[in-house]
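Asks: Numbering-wise (my numbering), the sequence shown opens with residue -12 and increments by one.
By construction, the Cβ of each residue, glycine as well, lies at the ideal position given by its N, Cα and C atoms.
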Amino acid sequence: LLGFMVALIIAWSGYRILRGTIPILVDERAVGAERLSEIVRAIPGVIGVRSARSRRTASGHLFAEVTILVDGTTSVTNAHDFTDEVERAITRELGTAEAIVHVEPA
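1) By a C-beta neighbour count over all protein chains shown, 10 Å radius and 16 as the cutoff for buried, is Arg6 buried or exposed?
2) May I ask you to report which of helix, strand or coil DSSP gives Val90?
3) Could you pull out every residue in the same chain whose Cβ sits closer than 6 Å to the Cβ of Ala20, ignoring the five residues on either side in sequence?
4) Can you give me the C-alpha to C-alpha distance between Arg43 and Ala86, rounded to a whole angstrom?
5) DSSP state of Ser0, grouped into three classes?
6) From this set, Gly1, Arg28 and Ser0, which residue's C-alpha is nearest Phe69's C-alpha?
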């Protein structure tokens, strides 16, 4: 009987650990692509969003990666300004985040 109780405690502990770590291990998305795209599309000069994805680490830190579409005649300086604004918007809306922004001509 004692052995069964110990086995039950171990099994329950294993279940709780796995339940908390499996989403992290499989890179479950932290924020939906639509929500991330909505934040980015609100920035003047961004014509569209080609892709958007996110994940959260075990410590709760958010990583986001988006590909934005801008006017094809945009200068490198302006494109860089767009990426800075996208990074700030994601951080402002979602809290602690690190954003990687790719720029493509529309």
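Replies: In short, the structure shows the following:
1) exposed
2) strand
3) Ala39
4) 12 Å
5) Helix.
6) Arg28
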